[in-house]
Amino acid sequence: MTWRATVLTLFPEMFPGPLGLSLAGRALEAGLWSCRTEDLRQHGLGRHRAVDDTPFGGGAGMVIRPDVADAAIKAADVPADVPVVYLTPRGRPLTQQTVRRYAQGPGVMLLCGRFEGVDERVLQARGVEEVSIGDYVLSGGETAALVLLDACVRLLPGVMGSEESGVEESFSEGLLEYPHYTRPAMWEGRAVPEILLSGNHAAIAAWRRGQAEETTRERRPDLWSAWLARKETNRAVAV
Ligand code: SAM
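Anchor point for the sequence shown: position 141 equals 141 in full-length UniProt numbering, and the numbering is continuous, going up by one each time.
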C-alpha cells in the first residue's frame, strides 16, 4: 500500500524537492509513497488570491486566513484517518515515536505556515496536530515538512535495505547512537578503538552500549533521565 503525503503550501514547487533523490526518491519512484501538494494560493480570495490578513489585536506580520486554509484542507480530500499536521514552533516536539506513529498509518496531510502562522480557529475546528521540528524559527513550514516526511519515509516497509537498518540507530532504544569508525584503522595519528578490531562481538556490543549511554548522559540530560526512569520501572516490574 502506498503511504500518502499531502502538503498544503504556498510553494508547491518545493516538493518533493530533495526527497525526490536518493533513498526517498527511489521509494517514490517505486510507489512506496506518494507526494501530492495543494496550493494554498488557489484557494485565496479576490483578484489577488489573498491568503492572509492582518492580525486581530494588532502586531506585526500577517496571518493565514482560516477560510483559505480550510478550503485547501477540504480540496485535498484525504481520508478521515489521515492525521492533519500543522508545522509550527508552538507544536509538540517531533520525536522518533511520533514519526513511527505517522509512518505506521496511511499517510499525513501537512499544513505549511508562512508569515506569522495560521488562524487558530481552523487548527481547532479540524483537529489539527501541531508539531515543531525544534526550538528555532524557520521562515516557512515547507522545510519542516520535508524533515518530517524524510523521517517517516525511511521507516516505511521496503524503503531501507539491511545496510541502512533503523534497528540500532539513535532514539531506537531511547539513547543516542554509539560512534562509528571505518577504514583506515589509523588516520592522522588517531587509532580506531582496539575493541572494534577484536572480533569479540559481545565485548563490542557492551562497549557500544557504554558509549551510547555516556554520549546520551553528556549531551541529552532529558533523554538520559527518561532512560534511567524507564530502566527503574522495568526493574520494578521484573522483581
Ligand atoms: N510567529 C511564529 C512563532 O513565533 O511561533 C513563527 C512563524 S514562522 C516565521 C512561519 C512558519 O514557519 C510557521 O507558521 C511554521 O509553519 C513554520 N515554522 C517555523 N519554525 C518552525 C519550527 N521550528 N517547526 C515547525 N515549523 C516551523
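By construction, the Cβ of each residue, glycine as well, lies at the ideal position given by its N, Cα and C atoms.
Given the structure is predicted, the values throughout are model-derived calculations rather than measurements.
| message | ligand 1 and residue 88: does any heavy atom of the ligand fall closer than 7 angstroms to the residue's C-beta? | response | Here residue 88 corresponds to residue number 88 of the sequence shown, with the count starting at 1. Yes, the beta carbon of residue 88 sits closer than 7 angstroms to at least one heavy atom of ligand 1.
| request: Would you check if the segment 129-144 and the segment 83-95 touch, i.e. whether three or more CB-CB distances between them fall below 8 angstroms? | output: Using a C-beta cut-off of 8 angstroms, the segment 83-95 makes contact with the segment 129-144, since at least three inter-stretch Cβ pairs fall below that distance.
| Using the C-alpha atoms, what's the distance from residue 110 back to residue 73? | In the sequence shown, the residue the question calls residue 73 occupies position 73. In the sequence shown, the residue the question calls residue 110 occupies position 110. Cα-Cα distance, rounded: 9 angstroms.
| Bounding residues of the alpha helix (DSSP H) (the contiguous stretch that carries residue 148) | In the sequence shown, counting from the first residue as 1, residue 148 sits at position 148. Here the alpha helix (DSSP H) through residue 148 covers 141-153.
| task | Ignoring anything shorter than 4 residues or poking outside the segment 190-234, list the alpha helix (DSSP H) runs there in chain order. | result | 201-219, all fully within the segment 190-234.
| Between which two residues does the beta strand (DSSP E) containing residue 6 stretch? | Counting from 1 along the sequence shown, the entry for residue 6 is found at position 6. Residue 6 -> beta strand (DSSP E) spans 3-9.
| message | I need the DSSP call for residue 102, collapsed to helix, strand or coil. | response | The sequence position of residue 102 within the sequence shown is 102, counting from 1. It is helical.
| message | Could you tell me the alpha carbon to alpha carbon distance between residue 75 and residue 38, rounded to whole angstroms? | response | For the purposes of this step, residue 75 is taken as the residue at position 75 of the sequence shown. For the purposes of this step, residue 38 is taken as the residue at position 38 of the sequence shown. So the alpha carbons of these two residues sit roughly 8 angstroms apart.
| Between which two residues does the alpha helix (DSSP H) harbouring residue 66 extend? | By one-based count along the sequence shown, residue 66 stands at place 66. Element bounds for residue 66: 66-76.
| task | Could you have a look at residue 34 and say whether DSSP puts it in helix, strand or coil? | result | Numbered from its first residue, the sequence shown carries residue 34 at position 34. Strand.
| said: Let me check you understand the geometry: is the CB of residue 138 closer than 7 angstroms to at least one non-hydrogen atom of ligand 1? | reply: As a working note, residue 138 is residue 138 in the sequence shown. Result yes, Cβ under 7 angstroms from ligand 1.
| said: Taking 7 angstroms as the cut-off, is the C-beta of residue 73 nearer than that to any heavy atom in ligand 1? | reply: Counted from its first residue, the sequence shown places residue 73 at position 73. In terms of side-chain proximity, the C-beta atom of residue 73 is found no nearer than 7 angstroms to any non-hydrogen atom of ligand 1.
| field | Rounded separation between residue 159 and residue 60 - CA only | value | As a position in the sequence shown, residue 159 is number 159, starting the count at 1. As a position in the sequence shown, residue 60 is number 60, starting the count at 1. Using only the alpha carbons, I get a separation of about 44 angstroms.
| request: Could you round the C-beta distance between residue 146 and residue 18 to whole angstroms and report it? I think they count as a contact, below 8 angstroms. | output: Against the sequence shown, residue 146 aligns to sequence position 146. Against the sequence shown, residue 18 aligns to sequence position 18. Your pair residue 146 and residue 18 checks out as a contact, with CB atoms roughly 7 angstroms apart and the cut at 8 angstroms.
| said: Let's test the definition: count the other Cβ atoms within 10 Å of the Cβ of residue 16 and tell me whether it reaches 16, buried, or not, exposed. | reply: As a working mapping, residue 16 is identified with position 16 in the sequence shown. Under this definition residue 16 is a buried residue.
| message | If I measure Cβ to Cβ from residue 115 and keep anything under 6 angstroms in the same chain, skipping five residues before and after, which residues do I get? | response | As a working mapping, residue 115 is identified with position 115 in the sequence shown. So the list reads 52, 61 and 62, once near-sequence residues are dropped.
| said: Please state the DSSP three-state secondary structure of residue 62. | reply: Residue mapping note: residue 62 aligns to position 62 of the sequence shown, counting from 1. Reduced to three states, the DSSP call for residue 62 is coil.
| Roughly how many angstroms separate the alpha carbons of residue 48 and residue 10, rounded to a whole number? | Stepping through the sequence shown from its first residue, residue 48 is reached at position 48. Stepping through the sequence shown from its first residue, residue 10 is reached at position 10. Rounded to whole angstroms, residue 48 and residue 10 show a C-alpha spacing of 14 angstroms.
| Same chain, Cβ closer than 7 angstroms to residue 112, five either side skipped, listed in chain order | On the sequence shown, residue 112 is found 112 positions in, with the first residue counted as 1. The answer, listed in chain order, is 7, 8, 9, 87, 140, 141, 142 and 145.
| Rounded to a whole number of angstroms, what is the C-alpha to C-alpha distance between residue 171 and residue 96? | The sequence position of residue 171 within the sequence shown is 171, counting from 1. The sequence position of residue 96 within the sequence shown is 96, counting from 1. Pairing residue 171 with residue 96, the inter-Cα distance amounts to about 7 angstroms.
| said: Output needed for residue 70: all residues of its chain with C-beta closer than 8 angstroms, excluding positions within five of it in sequence on either side, in chain order. | reply: For the purposes of this step, residue 70 is taken as the residue at position 70 of the sequence shown. Counting only Cβ-Cβ distances below 8 angstroms, and skipping sequence neighbours, we find 122, 125 and 126.
| said: Under 7 angstroms: does the beta carbon of residue 116 sit that close to some heavy atom of ligand 1? | reply: Here residue 116 refers to the residue found at position 116 when the sequence shown is read from its first residue. Checking every heavy atom of ligand 1 against the Cβ of residue 116, one is found closer than 7 angstroms.
| said: I need the straight-line Cα distance from residue 22 to residue 101, nearest angstrom please. | reply: One-based indexing of the sequence shown puts residue 22 at position 22. One-based indexing of the sequence shown puts residue 101 at position 101. One alpha carbon belongs to residue 22, the other to residue 101, and they sit about 23 angstroms apart.
| Exposed or buried, which one is residue 238 when buried takes at least 16 other CB atoms within 10 Å? | The residue given as residue 238 occupies position 238 in the sequence shown. The C-beta of residue 238 has fewer than 16 other C-beta atoms within 10 Å across all chains shown, which makes the residue exposed.
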